[in-house]
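What follows is a single structure, written as structure tokens, with notes after it.
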Amino acid sequence: MMNQALLEQLQQAYRDLDLFPLIEADDIERFRVEYGREVLVRLKREVEASAKDGKVIFAGHRGCGKSTLLKRFAVEMVEKYFTIFFSIADLIEMSDVSHVNILYAIGLKLLSNATKVKISVPEDIKQSLLDWTNTTRKETTGDTTKSQVGVGAADIFKLITLKLQQERTFRNELERTYEKKISELVRNIDRLAAAIQTSTKKPVLVIIDDLDKLDLSIVEPIYRNNIKALFSPGFKIVFTIPISAIQEPKVMGALNSEGIVRIQLFPVTKFYQRQDCRNPNAQPISKHLNLFQEILKKRFPPELITPEAAQKMVLSSGGVVRELVRIGRECCTECMVQLEIEPERENIKIDEEILATALRNLRNDFARQISSSQLYTVLAEVYKTLKPAPGEDFVKLLHGLMVLEYENDALWYDVHPIVIDLLHRENLI
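Written as structure tokens, this is what we have:
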């Protein structure tokens, strides 16, 4: 008979690994480790020192811990600011994000939060952000979608959010309504922010997460072609951006032209110094290794994982928290599969054999993304030089976490540890 207690332990560990980013207070209390404190302090100092309408760009690899840090940042800023923290992914379909619907989302979140705390908002501002949908519904009579089913008419914020997420026609109508009236939209957002500040005696601070998860084809039109409109609200905003996008000179040029002198960066945790990364006898940086092992300890009972597997799992992550999570969940899945295949076994745990199978599965996932010999060539060049390669292929690999950026006194780059194994198998290194 299957060991039900062991199965439940594995299922719980799998679920606990899924709690990234840490947003809810209970999850933060249970699972947080002291990670990225210096980055958070730098971000606070930058925001507080900026002008009243200052804009800050926060970059980093997808999965490096930005979302958890930004939530913590938002909590710490509540005392001084009327703080709005939201993920763009919770409001808008990610394949259809634009500067117009980002600005509209800011206005919608400000109005929603102001309404919750009973701040008096001029009626014409409410109408400008909400009532245009009446026209849309009249023009598309009969076009009732699933998103409207079961949603009370009074719950307009939930209704609009559902439509933004699920209905392309609704998003298109939003674009048509506001693309030639951006200044009017921004003016009403600014008036709304002013009403909030008057009522609360706190300036507004908006923090927008998950813009860094957008495809590069969407990021460039937002940050390069429409940066003036995006930066036009007269209050402080923290935007996220993919680390790969700041490799694009035209994107950086547009940001520089709007006063962004330096991007705030959340660096990847490095386990080896640059000069040691190819030395098979080098010892990992103990402080960083222990930090990532602590992340595992908070989610895995000691009897579920061997110390050797835990260390190798950490080093295989390349210093990216989300990659550690991916590897850990894959290991849990493999253990659960083995438990069902061999229910009589009592000693199933994450050991080096289970980890090897999990890494194989993830290696194959990467292999499917590396679709051309040219990408393999770029990866081999980065591995050998620890430097960026020219061209769009390098940016694509950086965006896909196949290449990782590290910081010492100078930037350097390395291939993801799992992808390095692919290069060995292709006899490229």
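The opening residue of the sequence shown carries number 1 in our numbering; numbering runs sequentially from there.
Every residue gets a Cβ at the ideal spot worked out from N, C-alpha and C, and that includes glycine.
Cβ shell of residue i (< 6 Å), same chain only, five flanking positions each side left out
i	result
Q338	I348
T269	H288 and G319
F266	V39, G60, C64 and K66
Q247	V395
G150	Any reading at G150 needs caution, since the residue's pLDDT is 36, under 50, leaving its predicted position unreliable; the model's value is listed next. For G150, where only same-chain residues beyond five positions count, there are no Cβ hits under 6 Å.
Y178	V100 and L185
I164	The residue you asked about is not Ile; residue 164 is Leu in the sequence shown. These residues qualify, in order along the chain: L91 and I92.
D276	A282
Contacts around residue i, its chain only, beta-carbon distance under 8 Å, and the 5 residues preceding and following it disregarded
i	result
K146	Bear in mind that the predicted position of K146 carries a pLDDT of just 39, short of 50, making it unreliable; the figure below should be weighed with that in mind. The residues are Q166.
M2	L339, E340 and P343
R191	P122 and I125
E426	Y376
I119	A195, I196, S199 and T200
Beta-bridge pairing of residue i - partner residues as DSSP gives them
i	result
A59	I241 and L265
D90	None, per the DSSP bridge assignment.
D414	L404
V39	The partner list for V39 (beta bridge, DSSP) is empty, contrary to what the question assumes.
F82	V204
K236	L205
I350	I305
Cβ-based burial, residue i [other Cβ within 10 Å; buried from 16]
i	result
E334	buried
V78	exposed
S316	buried
T68	buried
A195	buried
G259	exposed
K109	buried
Q283	exposed
K213	buried
Q369	exposed
E323	buried
A462	Nothing in the structure corresponds to residue 462, since the chain is present only between 1 and 429.
E294	exposed
E173	buried
H424	exposed
Distance between beta carbons of residue j and residue i, contact taken as under 8 Å
i	j	result
S244	V395	5 Å
K236	L205	5 Å
K387	Y406	So it is not a contact: roughly 12 Å between Cβ atoms.
V261	I241	In fact, because the Cβ distance is near 15 Å, the residues do not count as touching under 8 Å.
F366	I285	Wrong, their Cβ atoms sit about 25 Å apart, outside the cutoff.
I88	L211	6 Å
Beta-carbon contacts of residue i that lie in its chain and below 7 Å, excluding the five residues immediately before and after
i	result
E381	A389
**OP:** Could you pull out every unbroken beta strand (DSSP E) segment of at least 3 residues lying fully inside the region 153-203, listed in chain order?
**Re:** none
Original post:
Hey, which unbroken runs of the alpha helix (DSSP H) at 4 residues or more fall wholly within the region 318-390?
Top reply: 321-341, 352-369 and 373-385
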